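All remarks here apply to the structure that follows.
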Amino acid sequence: MSSGSPAQRADSQIVGSGGRNRRKRVIQFLLDNGLFIAFVLELILFAVAAPDLFIRSRTLEAILRLSGPAGIVLASYTITLISGQIDLSTAQVGGMASLMFAAVFQLLEWPLGVALALTVVLTIAVGLLSSYLIKQGIPSFVSTLAVGVVCGGIGFLIINLTRQPGMIRLVRPPLRDIANFEVIGVPFVIPLMFVAYAIGWVVLNQTRFGAHIYAMGGNPAAAALNGINAIRIARIVLVTNAVITGMAGILIAGRQLAAQPGVEGLGQSLTAALFAGVALSGGSGKIERTLIGLLFLSTLTIGLGILNVAAPVRQLIFGSAFVFAILLDSIRQQLASR
1 MSSGSPAQRA DSQIVGSGGR NRRKRVIQFL LDNGLFIAFV LELILFAVAA
51 PDLFIRSRTL EAILRLSGPA GIVLASYTIT LISGQIDLST AQVGGMASLM
101 FAAVFQLLEW PLGVALALTV VLTIAVGLLS SYLIKQGIPS FVSTLAVGVV
151 CGGIGFLIIN LTRQPGMIRL VRPPLRDIAN FEVIGVPFVI PLMFVAYAIG
201 WVVLNQTRFG AHIYAMGGNP AAAALNGINA IRIARIVLVT NAVITGMAGI
251 LIAGRQLAAQ PGVEGLGQSL TAALFAGVAL SGGSGKIERT LIGLLFLSTL
301 TIGLGILNVA APVRQLIFGS AFVFAILLDS IRQQLASR
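Residue numbering for the sequence shown follows this note's numbering, beginning at 1 and increasing consecutively.
If you want it as structure tokens, here you go:
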């Protein structure tokens, strides 16, 4: 028995298709704007939970200070991720670089420029090692994870060789003054972060190299057929990211007056980028949106600290945020493939 005329069945299919399209548009809207909505809700939540402590200028300053070095790294990390490379070594590279710098500058009392130069050489070697492993056919997340373990080991080796109690204290004035330098009351790392983002935006949107980065991340096979050298791009982005991460690690150490293995805050670059819509597989994403992802996580860190949330609970929250960011990326990929 027929369930209806052909015209009725066609109308039913059109209605069903329209409903699916509306749902897809709603989901896409939430994916595109959900981070902004979540950031506003986060601000409201902390303002209601702790109005006397959260709604004050010092809290804003703390959020910006926390975001500065991490934002400098995130600008570089976003480019790395868009190119199709996943770097899991940032926290360890930052820690190793800060310890190397501290050992040379603080303990050996060598000049600031020499200590910086040696640290830059070390971080360049780290980026070259990661790109070499990728050239051998090892996926980037495996290569950088392994390199991160090596960097963590080097950091602990420096601690052991210098016989320091888990960290190297930095008390020599030049670095301390530079790390805490302010311009009209604003920590200089904040404008430095915006400069890093501006450079990253220009590279991605106004240069041929940026177009190659998007092409390489989006479709490596097609990019290779068009003469784009994948290994060269991987080498450039990984070396650049390692050097910038190392410098950010030194800035954080200078602000905290101590260098130690692993740098808190630098390891959240991947979470912030995924929240902002940068594809885990590469090829898509806007660098300017990752700044909102960074501010969201920095505000979460400061807000949880104000509420005196226990460290294990904070770790659970940030771990859950990372899982949620991965799920969002998966949903975006599924929508894009339909």
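Glycine residues also receive a C-beta, built at the ideal position from the N, C-alpha and C atoms. Just so it is clear, the structure is predicted and the values come from calculations on it, not from any experiment.
Buried or exposed by the 16-neighbour rule on C-beta atoms within 10 Å, applied to residue i
{"i": "Gly153", "result": "exposed"}
{"i": "Ile252", "result": "buried"}
{"i": "Asn21", "result": "exposed"}
{"i": "Ile37", "result": "exposed"}
{"i": "Leu270", "result": "buried"}
{"i": "Asn205", "result": "exposed"}
{"i": "Leu161", "result": "exposed"}
{"i": "Gln333", "result": "exposed"}
{"i": "Pro261", "result": "buried"}
{"i": "Ser320", "result": "exposed"}
{"i": "Ser378", "result": "Residue 378 lies beyond the residue range present for the chain, which begins at 1 and ends at 338; the question has no answer from this structure."}
{"i": "Gln315", "result": "exposed"}
Spatial neighbours of residue i in its chain, beta-carbon cut-off 8 Å, leaving aside the 5 residues before and after
{"i": "Thr299", "result": "Phe39, Glu42, Leu43, Phe46, Ile63"}
{"i": "Leu112", "result": "Phe105, Pro174, Leu175"}
{"i": "Ala196", "result": "Gly71, Ile72, Ala75, Ser76, Ile244"}
{"i": "Ile124", "result": "Val239, Ala242, Val243"}
Own chain partners of residue i with C-beta closer than 6 Å, once the 5 adjacent residues on each side are dropped
{"i": "Met193", "result": "Gly68, Gly71, Ile72"}
{"i": "Met1", "result": "With a pLDDT of only 49 at Met1, under the threshold of 50, the placement of this residue in the model should not be trusted; the figure read from the coordinates follows. For Met1, where only same-chain residues beyond five positions count, there are no Cβ hits under 6 Å."}
{"i": "Ile213", "result": "Ile82, Ser83"}
{"i": "Met96", "result": "Cys151, Ile154, Gly155"}
Same chain, Cβ closer than 7 Å to residue i, neighbours up to 5 away in sequence not counted
{"i": "Ala50", "result": "Ile306, Leu307"}
{"i": "Lys135", "result": "Ile231"}
{"i": "Leu335", "result": "Lys24, Ile27, Gln28"}
Span of the alpha helix (DSSP H), counted from its first residue to its last, around residue i
{"i": "Trp110", "result": "It is not in any alpha helix (DSSP H) - Trp110 carries neither H nor E in the DSSP assignment."}
{"i": "Phe339", "result": "One cannot answer for residue 339 here, as it falls past the ends of the chain, which runs 1 to 338."}
{"i": "Gly210", "result": "208-218"}
Rounded C-alpha distance that separates residue i from residue j
{"i": "Val126", "j": "Leu257", "result": "25 Å"}
{"i": "Val263", "j": "Ala310", "result": "20 Å"}
{"i": "Gln78", "j": "Ile331", "result": "A small fix is needed here, since residue 78 is Thr in this sequence, not Gln. In a straight line, the C-alpha of Thr78 is about 20 Å away from that of Ile331."}
{"i": "Glu109", "j": "Asn180", "result": "20 Å"}
{"i": "Arg58", "j": "Val147", "result": "38 Å"}
{"i": "Val48", "j": "Val203", "result": "41 Å"}
{"i": "Val278", "j": "Ser284", "result": "6 Å"}
{"i": "Ile250", "j": "Ala259", "result": "8 Å"}
{"i": "Phe324", "j": "Ala276", "result": "12 Å"}
{"i": "Thr144", "j": "Gly166", "result": "24 Å"}
Alpha helix (DSSP H) runs contained entirely in the region 241-312, provided each spans 4 or more residues
269-275, 287-306
Please list the segments of the alpha helix (DSSP H) lying wholly inside the region 19-97, counting only runs of 4 or more residues, in order along the chain.
51-54, 57-82
Secondary structure, alpha helix (DSSP H): runs of 4+ residues fully inside the region 140-206
140-162, 173-179, 189-206
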